[in-house]
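Its first residue numbered 1, the sequence shown is counted upward by one per residue in full-length UniProt numbering.
Heads up, the beta-carbon is just placed ideally off N, CA and C, and yes, glycines get one too.
These numbers come from a predicted model, not from an experiment.
So the structure is just underneath, and the comments pick up after that.
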Amino acid sequence: MVQEYQNNAAVFFQFKPNIIKRAGRPVYLTDVIDVFCPQQVEEAIRNIVILPAHQDRNHVVTAIEVIRLINESTGISNIHVIGEGKALIEYKEQKPSNALIEWLRLVATALLLMIGSGLAIMYFHADVNMHQVHSVLHYIITGEKSVRPLLISIPYSIGIGIGIAVFFDVFSIGKKKKKPGPLELEVYTYEKEISSYKKDEEENEGD
1 MVQEYQNNAA VFFQFKPNII KRAGRPVYLT DVIDVFCPQQ VEEAIRNIVI
51 LPAHQDRNHV VTAIEVIRLI NESTGISNIH VIGEGKALIE YKEQKPSNAL
101 IEWLRLVATA LLLMIGSGLA IMYFHADVNM HQVHSVLHYI ITGEKSVRPL
151 LISIPYSIGI GIGIAVFFDV FSIGKKKKKP GPLELEVYTY EKEISSYKKD
201 EEENEGD
């Protein structure tokens with residue numbers, strides 16, 4: 001059936017993002033790419049194995065490798081790649097999750113971030129002598145000098161927390177949003193850089 005399309009058939013494909021597989025199972029071509037082509041050709045492509053079941057090491061698959069496999073299996077040479085020209089097949093072991101350990105890890109991370117950010121803000125305030133600024137503001141507003149201008153310091157501290165929460169769009173977490181917040185963009189950029197780094201490392205090790 002595939003031979004009927006060899007003269008005029010075209011195949012377009014693009015790599016899927018975040019290809020994570022479990023060891024002990026073969027990796028088929030359609031696990032790695034999204035493909036647009038005639039149905040008969042797609043059925044033939046679906047049975048192409050990229051990595052055997054005994055493979056358990058991360059592997060970088062390139063567009064040239066995909067084109068070669070499709071050409072050898074179908075005889076079609078009119079093959080086009082859309083987007084990035086390589087993808088990382090990453091193997092991860094399925095480990096049982098421990099709710100207590102995950103909760104403790106979350107608490108430890110939150111405490112570490114809170115203490116670190118608090119110290120950073122305190123050091124900044126000490127550098128710019130924020131206490132004196134608050135004392136001057138307290139004197140301007142009340143006409144009284146105070147060593148502990150809590151009237152200014154407490155609203156200021158609360159405002160810092162609210163400002164950070166608004167900036168990172170914390171109040172919209174879990175809700176559908178039209179555009180991502182700064183924190184989501186940072187996480188997205190970080191994940192893309194990690195993925196690119198892993199691909200380059202695997203290619204260098206392969207060479």
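Inclusion of residue 87 and residue 61 in the CB contact set at 7 Å is warranted, their separation being smaller than that value. For residue 120 and residue 114, the gap between their C-alpha atoms comes out near 10 Å. Assignment of residue 89 by DSSP, reduced to helix, strand and coil, places it in the strand class.
Around the CB of residue 126, fewer than 16 other CB atoms lie within 10 Å, so the residue is classed as exposed. Under DSSP, residue 51 takes part in a beta bridge, and its partners are 27.
Under the criterion of beta carbons closer than 8 Å, residue 151 and residue 131 do not qualify as touching, at roughly 14 Å.
Listed in chain order, the non-local C-beta contacts of residue 25 below 8 Å within the same chain comprise 53, local neighbours out to five positions each way being set aside.
Counting only the Cα atoms, residue 59 lies some 13 Å from residue 18. Beta bridge pairing from DSSP links residue 62 with 86. In the DSSP annotation of this structure, the continuous segment of the alpha helix (DSSP H) that includes residue 45 starts and ends at 39 to 46. DSSP places residue 128 in the coil class of the three-state scheme, outside both helix and strand.
A straight line joining the alpha-carbon of residue 145 with that of residue 153 spans about 14 Å. Exclusion of the five residues before and after residue 142 leaves no residue of its chain whose Cβ lies closer than 6 Å to its Cβ. With a cut-off of 8 Å on Cβ pairs, the region 182 to 191 is in contact with the region 157 to 174, counting three or more such pairs. Counting the other CB atoms within 10 Å of its CB gives residue 99 a total below 16, which places it among the exposed residues.
Boundaries of the beta strand (DSSP E) harbouring residue 19: 19 to 21, taken from the DSSP string. Counting every other CB atom within 10 Å of its CB across the protein chains shown gives residue 74 a total of 16 or more, marking it as buried.
DSSP places residue 147 in the coil class of the three-state scheme, outside both helix and strand.
Per DSSP, the beta bridge partners of residue 36 are 12.
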